[in-house]
Structures are given as C-alpha cells and as structure tokens.
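Numbering follows my numbering, in which position 25 of the sequence shown is assigned residue number 21; successive positions increment by one, without gaps.
For each residue, glycine too, the CB sits at the ideal point set by N, CA and C.
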Amino acid sequence: MNAMRVQKVLSDDGTIQLSNLPFKKGQTVEVILFLYSNQNLKRSSLSVKELKKSGLIGIWKDREEIHDSSIYARQLRKQTQTRGGISFDSIG
C-alpha cells in the first residue's frame, strides 16, 4: 500500500480541497481525516530523548523490501523536497 500525508488548514467550514495528487482517474483511494489542535501542528520535532523512547529507531530493520534504510530514507527526503512537501512513495 502506498500512502501520503497532506496537512491542510480549512478556509471554509466543512470543506477541504485536495489537488495535484499523484492518482489517476478510476483508481480507488481512501481518505482518513484527523483533527489536529494548534499545539500538534506547531510541534514538528522530537528531542533525542523523545526520539529514543518513540520506537521509531529501527522500525525498518525487518522490512524485506528495504535493503538499505539509509538509501531509502535519502530517497524519501529527496521526494519530499521535490514535491513541495507532499510525499508520495512507490519505492519498494
């Protein structure tokens, strides 16, 4: 499954508009919306201590489709930077 994350601030009550998505006509997608408080949006990084406790370190170690996690991470960062902050990945 491919996934992407887009954060939007609603400009009108009850309406959200997404555009420039990397999907084609006829494809089926699922949209799940989460409400974030302003506090959640402002916090964009973890301290080293929080990162160690988060369980994020080593999460790719058993993924068979990822042969080199540092190369994979580099490709994800590059894609994110070249797509205006929207990351869509089909690297397997």
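Quick one: grab the DSSP three-state call for residue i.
| i | result |
| --- | --- |
| residue 59 | coil |
| residue 78 | helix |
For residue i and residue j, what's the separation of their Cα atoms in angstroms?
| i | j | result |
| --- | --- | --- |
| residue 25 | residue 49 | 33 Å |
| residue 2 | residue 13 | 11 Å |
| residue 64 | residue 28 | 30 Å |
| residue 53 | residue 44 | 11 Å |
| residue 72 | residue -1 | 12 Å |
| residue 60 | residue 47 | 24 Å |
| residue 74 | residue 66 | 12 Å |
| residue 30 | residue 77 | 24 Å |
Output the boundary residues of the alpha helix (DSSP H) element that contains residue i.
| i | result |
| --- | --- |
| residue 45 | 44 to 50 |
For residue i, count neighbouring C-beta atoms within 10 Å of its own C-beta (all shown protein chains included) and say buried if the count is 16 or more, exposed if not.
| i | result |
| --- | --- |
| residue 41 | exposed |
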